[in-house]
Amino acid sequence: MDNATTVVAMQPPAAVDEHEHVSLPQHRHHFETEEQQREAGTFGMWLFLLTEIMFFGGLFFSYLLYRNWYNPAFVAASNQLSIPLGTANTAVLITSGFFMALAVWAAEMKKKSLLVLFLVLTTLFGVVFLGVKYFEYKEKWEKHHIPGEHFDISEFVNPPRDVKTGKLVEEPLPPDMAQKTQVFFSLYFAMTGMHALHMIIGVGLLLWLIPRSQRGDFTAGYVAPIENFALYWHFVDIVWIFLFPLLYLINRHPV
Amino acid sequence: MTEQHFHDPANVTNPEHAEHHIVTPRTYGIVFGTLLVFTGITVWAAFINLGILNPMIALAIACTKAVVVILFFMHVFFQSKLIKMTVAAGFFTFLILITMTLSDYISRAWGLW
Numbered sequence: 169m170d171n172a173t174t175v176v177a178m179q180p181p182a183a184v185d186e187h188e189h190v191s192l193p194q195h196r197h198h199f200e201t202e203e204q205q206r207e208a209g210t211f212g213m214w215l216f217l218l219t220e221i222m223f224f225g226g227l228f229f230s231y232l233l234y235r236n237w238y239n240p241a242f243v244a245a246s247n248q249l250s251i252p253l254g255t256a257n258t259a260v261l262i263t264s265g266f267f268m269a270l271a272v273w274a275a276e277m278k279k280k281s282l283l284v285l286f287l288v289l290t291t292l293f294g295v296v297f298l299g300v301k302y303f304e305y306k307e308k309w310e311k312h313h314i315p316g317e318h319f320d321i322s323e324f325v326n327p328p329r330d331v332k333t334g335k336l337v338e339e340p341l342p343p344d345m346a347q348k349t350q351v352f353f354s355l356y357f358a359m360t361g362m363h364a365l366h367m368i369i370g371v372g373l374l375l376w377l378i379p380r381s382q383r384g385d386f387t388a389g390y391v392a393p394i395e396n397f398a399l400y401w402h403f404v405d406i407v408w409i410f411l412f413p414l415l416y417l418i419n420r421h422p423v
Numbered sequence: 053m054t055e056q057h058f059h060d061p062a063n064v065t066n067p068e069h070a071e072h073h074i075v076t077p078r079t080y081g082i083v084f085g086t087l088l089v090f091t092g093i094t095v096w097a098a099f100i101n102l103g104i105l106n107p108m109i110a111l112a113i114a115c116t117k118a119v120v121v122i123l124f125f126m127h128v129f130f131q132s133k134l135i136k137m138t139v140a141a142g143f144f145t146f147l148i149l150i151t152m153t154l155s156d157y158i159s160r161a162w163g164l165w
C-alpha cells in the first residue's frame with residue numbers, strides 16, 4: 169500500500185491543531201479517519217436498507233389495497249394461520265436479534281469467544297424460525313391452501329363446526345369471495361417467502377462470519393462487517409414485526 | 053501494522069467527529085424486554101373486539117417496536133446527523149409514495165364505494 173506517501177501528503181500545516189490517529193490495517197487510505205470510514209460504511213448500508221424498505225413497501229401496499237377490496241376473504245384466510253406458532257416465531261426472531269445486538273457489543277469490546285457464541289446463538293434462533301415456517305407452509309400444502317389449480321375453497325364456503333359449541337368456526341363465504349382467499353395466500357407466501365429468503369441469506373452470511381470471528385478478524389478493532397450485518401439482520405426483524413400483525417392478527421376477536 | 057497520521061480537524065467531510073458509541077448489554081436487554089412485552093400486548097389486543105381500532109392498535113404497536121429496534125438495536129439514536137437524516141429521509145420518501153398512491157386510489161370513482 170502507498171499509505172506512507174498519502175500520509176505525508178496529508179500533513180497539515182503545523183499551525184493547525186493536529187491530532188493523531190492510530191489506523192488499523194483495514195483503514196483504507198481514501199478515508200481520512202477511522203470514524204469517517206466507519207460512517208461511510210454505515211451510510212452505505214442504510215442506503216441499501218432503504219431500497220429494501222421500498223421493495224417490501226410495494227408488497228405491503230398491495231396487501232393494503234387487496235385487503236380493502238376482499239376484506240371477508242382476508243379475514244377468513246388469516247384465521248387459518250396459527251397464532252401460537254406466529255407468536256412463538258416472533259419471540260424467536262426477536263431473541264435472535266437480541267443476540268445479534270450482543271454480538272456487536274462483543275466485537276466492540278474485543279471479546280472473541282463471546283462474539284462467536286452470540287453469532288452461533290443468532291444463527292440457531294434464525295434456523296428455528298425457518299424450521300417453524302417450514303411446518304406452517306407444510307400445513308398449507310396439506311390443506312390445499314397454496315394458490316393455483318389445486319386450491320381448495322371448500323373450508324371457506326362450508327366452514328366446519330366447533331366440536332364443543334357446535335357453532336360455525338367462521339362466517340361462510342360466497343364462492344366468488346372464497347376464491348379471493350387465494351389473493352391473501354398469494355400475498356402470505358410472497359411476503360413471508362421473501363422474508364424467509366432474506367433470513368436464509370442472513371444465515372449464509374452468519375456461517376461465513378462465524379469462522380472469521382473465530383479467527384479473530386473482528387475483535388481487533390475492525391467491527392464494520394459485524395455491525396453492518398447486524399443492521400441487515402435487524403431490518404429483517406422489522407419486516408417480520410409488521411408481517412406478524414398484518415397476516416396473523418387481522419380479525420381474531422369473536423364477532 | 054499501526055501507523056500514525058494526521059488530519060485537518062476542520063475537515064468539512066466529517067465535521068462532527070461522531071464518536072463511536074458502544075451500546076451496553078443493559079440497553080439491549082431493556083429493548084429485548086420491551087419488544088417481548090409489546091408482542092404479548094399486540095396478541096392480547098387482537099382478541100378484543102375494538103372494531104376499526106383493532107388494525108390501528110396493531111399497527112401502532114408494530115411501529116413502536118420498529119422505532120425501538122431502529123433507534124437502539126440499529127444504533128441510530130447514537131449515530132451522526134448524516135445517518136439520522138439518511139434514515140429519516142428514507143422513511144419520509146416511503147411515506148410520500150404511500151400517501152400519494154393512496155390519495156390517487158381513494159379519489160377515483162367518488163361515490164361508488
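Line by line, the protein sequences are chains A and B.
According to our numbering, the residues represented by the first sequence are 169 to 423, in order.
According to our numbering, the residues represented by the second sequence are 53 to 165, in order.
Built from N, CA and C at the ideal position, the CB exists for glycine as well.
- Along the region 115-132 of chain B, going in chain order, the ones with a CB nearer than 9 Å to a CB of chain A are 115, 117, 118, 121, 122, 124, 125, 126, 127, 128, 131, 132.
- Interface criterion met: the Cβ of residue 225(A) is under 7 Å from a Cβ in chain B.
- At least one beta carbon of chain B lies nearer than 7 Å to the beta carbon of residue 266(A).
- If you check the CB distance, residue 289(A) and residue 267(A) come in under 7 Å.
- One finds 255, 258, 259, 262, 409, 412 in chain A with Cβ atoms closer than 9 Å to the Cβ of residue 91(B), taken in chain order.
- If you compare the alpha carbons of 223(A), 388(A), 399(A), 333(A) with that of residue 276(A), the shortest gap goes to 388(A).
- The alpha carbon of residue 87(B) has as its nearest neighbour, out of 73(B), 142(B), 122(B), 107(B), the alpha carbon of 122(B).
- Under the Cβ criterion (8 Å, minimum of three pairs), the region 203-220 of chain A does not count as touching the region 111-118 of chain B.
- Apart from sequence neighbours up to five positions away, the residues of its chain that approach residue 349(A) with a beta-carbon distance below 7 Å are 241, 244, 245, 321, 324, ordered along the chain.
- Each residue's CA atom was taken as its position, placing residue 146(B) and residue 124(B) some 21 Å apart.
- Against chain A, the CB of residue 142(B) has a partner CB under 7 Å away; the residue lies at that interface.
- Residue burial is scored here from C-beta neighbours: residue 237(A) has fewer than 16 other C-beta atoms within 10 angstroms and is therefore classed as exposed.
- Taken atom to atom, the span from the alpha-carbon of residue 295(A) to that of residue 377(A) is near 16 Å.
- Those residues of the region 285-300 of chain A placed with their C-beta closer than 9 Å to a C-beta in chain B do not exist.
- CA-CA distance, residue 99(B) to residue 382(A), rounds to 46 Å.
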